[in-house]
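2 protein chains.
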Amino acid sequence: MNVKKQEKNKLEEHEIEGKKDIAKRVFEISKNIAHQIENNHSPTFTTRVRGYSNVYFDEKNNFIQLGDKKVTRPFLNLGAARKFMQTVLVNDKCYDYLIHDKTASIREIYYELKRTVEGTKENTFDAQEESNDVIVDIEHSVNTIREKLGLHADPKGSLYGDITLIDKKHDNDEFNCSTLGRGGWSIMSRLEPEEIEIKEVNADYVLVIETSAMYGRLIEERFTKENRAILIGTGGQAARGTRRLIHRLRYEFNLPVIVFTDGDPYGWYIFSVIKSGSMALAAHSKYLAVPDAEYVGMTLTDVETYGLQNVTEKMKDGDIKRAKELMKYDWFNTPGWQKELKIALDKKIRIEQQALANKSLDFVAKKYLPEKIKNKIFVK
Amino acid sequence: MNVKKQEKNKLEEHEIEGKKDIAKRVFEISKNIAHQIENNHSPTFTTRVRGYSNVYFDEKNNFIQLGDKKVTRPFLNLGAARKFMQTVLVNDKCYDYLIHDKTASIREIYYELKRTVEGTKENTFDAQEESNDVIVDIEHSVNTIREKLGLHADPKGSLYGDITLIDKKHDNDEFNCSTLGRGGWSIMSRLEPEEIEIKEVNADYVLVIETSAMYGRLIEERFTKENRAILIGTGGQAARGTRRLIHRLRYEFNLPVIVFTDGDPYGWYIFSVIKSGSMALAAHSKYLAVPDAEYVGMTLTDVETYGLQNVTEKMKDGDIKRAKELMKYDWFNTPGWQKELKIALDKKIRIEQQALANKSLDFVAKKYLPEKIKNKIFVK
Numbered sequence: 000m001n002v003k004k005q006e007k008n009k010l011e012e013h014e015i016e017g018k019k020d021i022a023k024r025v026f027e028i029s030k031n032i033a034h035q036i037e038n039n040h041s042p043t044f045t046t047r048v049r050g051y052s053n054v055y056f057d058e059k060n061n062f063i064q065l066g067d068k069k070v071t072r073p074f075l076n077l078g079a080a081r082k083f084m085q086t087v088l089v090n091d092k093c094y095d096y097l098i099h100d101k102t103a104s105i106r107e108i109y110y111e112l113k114r115t116v117e118g119t120k121e122n123t124f125d126a127q128e129e130s131n132d133v134i135v136d137i138e139h140s141v142n143t144i145r146e147k148l149g150l151h152a153d154p155k156g157s158l159y160g161d162i163t164l165i166d167k168k169h170d171n172d173e174f175n176c177s178t179l180g181r182g183g184w185s186i187m188s189r190l191e192p193e194e195i196e197i198k199e200v201n202a203d204y205v206l207v208i209e210t211s212a213m214y215g216r217l218i219e220e221r222f223t224k225e226n227r228a229i230l231i232g233t234g235g236q237a238a239r240g241t242r243r244l245i246h247r248l249r250y251e252f253n254l255p256v257i258v259f260t261d262g263d264p265y266g267w268y269i270f271s272v273i274k275s276g277s278m279a280l281a282a283h284s285k286y287l288a289v290p291d292a293e294y295v296g297m298t299l300t301d302v303e304t305y306g307l308q309n310v311t312e313k314m315k316d317g318d319i320k321r322a323k324e325l326m327k328y329d330w331f332n333t334p335g336w337q338k339e340l341k342i343a344l345d346k347k348i349r350i351e352q353q354a355l356a357n358k359s360l361d362f363v364a365k366k367y368l369p370e371k372i373k374n375k376i377f378v379k
Numbered sequence: 000m001n002v003k004k005q006e007k008n009k010l011e012e013h014e015i016e017g018k019k020d021i022a023k024r025v026f027e028i029s030k031n032i033a034h035q036i037e038n039n040h041s042p043t044f045t046t047r048v049r050g051y052s053n054v055y056f057d058e059k060n061n062f063i064q065l066g067d068k069k070v071t072r073p074f075l076n077l078g079a080a081r082k083f084m085q086t087v088l089v090n091d092k093c094y095d096y097l098i099h100d101k102t103a104s105i106r107e108i109y110y111e112l113k114r115t116v117e118g119t120k121e122n123t124f125d126a127q128e129e130s131n132d133v134i135v136d137i138e139h140s141v142n143t144i145r146e147k148l149g150l151h152a153d154p155k156g157s158l159y160g161d162i163t164l165i166d167k168k169h170d171n172d173e174f175n176c177s178t179l180g181r182g183g184w185s186i187m188s189r190l191e192p193e194e195i196e197i198k199e200v201n202a203d204y205v206l207v208i209e210t211s212a213m214y215g216r217l218i219e220e221r222f223t224k225e226n227r228a229i230l231i232g233t234g235g236q237a238a239r240g241t242r243r244l245i246h247r248l249r250y251e252f253n254l255p256v257i258v259f260t261d262g263d264p265y266g267w268y269i270f271s272v273i274k275s276g277s278m279a280l281a282a283h284s285k286y287l288a289v290p291d292a293e294y295v296g297m298t299l300t301d302v303e304t305y306g307l308q309n310v311t312e313k314m315k316d317g318d319i320k321r322a323k324e325l326m327k328y329d330w331f332n333t334p335g336w337q338k339e340l341k342i343a344l345d346k347k348i349r350i351e352q353q354a355l356a357n358k359s360l361d362f363v364a365k366k367y368l369p370e371k372i373k374n375k376i377f378v379k
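In the order they appear, the protein sequences are chains A and B. Here the first sequence stands for residues 0 to 379, numbered as in numbering that gives the first Met the number 0. Here the second sequence stands for residues 0 to 379, numbered as in numbering that gives the first Met the number 0.
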């Protein structure tokens, strides 16, 4: 039985917003500047304040949000003129991409726009950080994500399982990700509905896995056949395209999302970003976060339960520092997480996903995951 | 017209050697040790000396090779006993994998074998580096690669183009890598012929690309349709599975291999490893290297040819150091490479693949690559 796709009109507007609507808002920015100049006003550009002072944990939505504080940048200001010029250049180029249905990586747009300004020795951009920064400004000003502006970062991550995708921008290629051998599909950097349609999913849940080796192990053990899961290997911190795919599976197909990482502060942080979003991308949580994602393991409680004392590793200083940070986050302030973090800091140990191989190679697929998932032994 | 596959009997023996033959040699190691013990000799383990002192550039094969120097490790020696025990454990486990047709990541075998030795406080392994090291010993002693022992590291890299693969260990899945949308196939960590059959290839050459973003760009621009190429995105330094795939396409299908990286010492080193092998894996060149691979770009000569002066970047200290190293390598001792390295060191500049976007987004696909490849403008 395949999972029923949500009616399009039940999905939130920002999810399925097309290029035309976004192009309109991008155009408004330039139009506004032109209008100010025509009326002899100093032109300005308005975006949202980013960073800690404007970030909060939204209890209602259960994810990290960016507040409403705005900042308006004037053109007639020596410190801001350069950035203003860069903003206009990138904004103009994004409009160009949108109306011509083109896309580019954030490195490409940097090089596309880099040049020496005529009659000066000044470059439009000296380093990619400058254009990256402006892209974030525009995302926040237009209130969308870069992927919907036609931009993207490097892809990372793999997809495996009984899920059929259609690439609408590539001959309407239709393919099922359970028949691509054990490699699976290389997840693209842009996973927007107008490019990639998720046609059909036969699964009960999505399992997100931190390490590529564990993703490979579960495929090798035929985990998806016995457990009706879609597997997503993130290869470390999940890339934006991968997070967007997880988010869409949750909301378009109403599939539970379960996360499986190493049992250490870094792995738990990977889970936290998938679930609640991150401070750096606080404004994008509504596109990327999955607030009801569950965490199956590894936990330090597992060490006792499964007798894994011999295969823990020592935490490094960086782990300890991060564990202390996590303890203070609102979204880790639950009995289950406080307990895990306390064990971590008391015993200064961590445990990797592969440590389960100490029982046997197939232990993770035949016992650990099925048992914990069936009995909903998640960290709460 | 598809490319004709080489007759199996024309491929070298080590390429297609099956698990049985390798298991036999693994068994020999243990048998030999047992024999020594039964005859009251101190048991020993023999492998090849690794490192600079036993590495040379093989002019005939045109790749880096490991010499014949051997080292024999005694058991009855306080410094060697621990390593000896580890070697026996890993060797035994590899045999187990081979006869049961199992595979594991190098992290999994570490955890599978990690335990406290009964009656002592001594662990079999304290860190993964220890088992990694032993795996390399065994590869060299058995004279094969870890993938043929059933072991592998993390996968990385993507494949796109008119190439049909069969995963013989996964329901004989058959799939063509030009119909998987723009993501392509996630290259597995093991690409041995007995697991993955390359059934058919419709292409004139293989194009290996350093950055994932450039790989995506070429797919987006439909490069393979107009140019009959197979695209392999390495995402930085090529993983072993990816190198094995490139090597097989060269030797099983007689396809030319052309490499396209950033124009800097790091990118050139990526090329060099694909072409000539690396010192760390000197013994494995015959499985991994492609000595007649060609280098299409980026070059510093391109900067003049295509007027890219505005979009070069400054070399960092690490780049300069590496450029000086490359200058001394036998396999960079050609007029073309010495010229490139001299420009790099004189001008201290580098150029990225994406810098071509300065001309236009499709410049790389419509002009740069087709022109250089057609006219064979390679660094010689």
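Glycine included, each C-beta is placed from N, C-alpha and C at the ideal position.
- Per the C-alpha coordinates, the member of 287/A, 267/A, 213/A positioned closest to residue 276/A is 287/A.
- The residue among 171/B, 170/B, 175/B with its C-alpha nearest the C-alpha of residue 172/A is 175/B.
- Here the alpha carbon of residue 50/A sits roughly 12 Å from the alpha carbon of residue 69/A.
- About 6 Å separates the CB atoms of residue 193/A and residue 17/A; that is less than 8 Å, so the two are in contact.
- In the DSSP annotation of this structure, residue 173/B is not part of any alpha helix (DSSP H); the continuous beta strand (DSSP E) holding it starts and ends at 172-175.
- Per DSSP, residue 5/A is not a residue of any alpha helix (DSSP H), being assigned neither H nor E.
- In this structure, DSSP gives residue 122/A an extended state, which the three-state scheme calls strand.
- Burial is judged here by how many other beta carbons sit within 10 angstroms of a residue's own beta carbon; residue 55/B has fewer than 16 and is exposed.
- Cβ neighbours of residue 326/A within its own chain (closer than 6 Å, five residues either side excluded): 340.
- Interface annotation, residue 223/A: not in contact with chain B, CB-CB separation never under 8 Å.
- When DSSP states are grouped into helix, strand and coil, residue 57/B belongs to the strand group.
- Close to chain B, meaning a Cβ-Cβ distance shorter than 8 Å, are the following residues of the region 177-190 of chain A: 178, 179, 180, 181, 182, 183, 184, 185, 186, 187, 188.
- As computed with DSSP, residue 94/B is found in no beta bridge at all.
- Closer than 8 Å to the CB of residue 354/B there is at least one CB belonging to chain A.
- Secondary structure of residue 255/B (DSSP, three-state): coil.
- Apart from the 5 residues on each side of it in sequence, residue 109/B sits with its Cβ closer than 7 Å to the Cβ of 124, 127, 130 in its chain, given in chain order.
- Under the criterion of beta carbons closer than 8 Å, residue 137/A and residue 283/A do not qualify as touching, at roughly 13 Å.
- Under the DSSP definition of a beta bridge, residue 107/A lacks any partner.
- 80/B is the residue among 310/B, 80/B, 13/B whose C-alpha sits nearest the C-alpha of residue 42/B.
- Just so you know, the alpha carbons of residue 166/B and residue 259/B end up roughly 28 Å apart.
- Only buried fits residue 245/B, as 16 or more other CB atoms lie within 10 angstroms of its CB.
- The beta-carbon of residue 195/A is placed less than 8 Å from the nearest beta-carbon of chain B.
- Taken in chain order, the members of the region 302-313 of chain B whose beta-carbon sits within less than 8 Å of a beta-carbon on chain A are 309, 310.
- Our two residues, residue 215/B and residue 36/B, have alpha carbons roughly 58 Å apart in a direct line.
- Per DSSP, residue 26/A is one residue of the alpha helix (DSSP H) stretching across 18-37.
- If you draw a straight line from the Cα of residue 300/B to the Cα of residue 135/A, it is about 35 Å long.
- Its chain contains 93 as the residues whose beta carbon lies nearer than 6 Å to that of residue 148/A, once the 5 sequence neighbours on both sides are disregarded; these appear in chain order.
- Residues of the region 90-105 of chain A that bring their beta carbon within less than 8 Å of a beta carbon in chain B comprise 101, 102, 103, 104, in sequence order.
- Taking residue 222/B as reference, the option from 103/B, 64/B, 202/B, 146/B with the minimal CA-CA separation is 202/B.
- The region 236-243 of chain B makes contact with the region 149-166 of chain B; the number of CB pairs closer than 8 Å reaches 3 or more.
- Residues of chain A whose Cβ lies closer than 9 Å to the Cβ of residue 82/B do not exist; the shortest such Cβ separation is about 20 Å.
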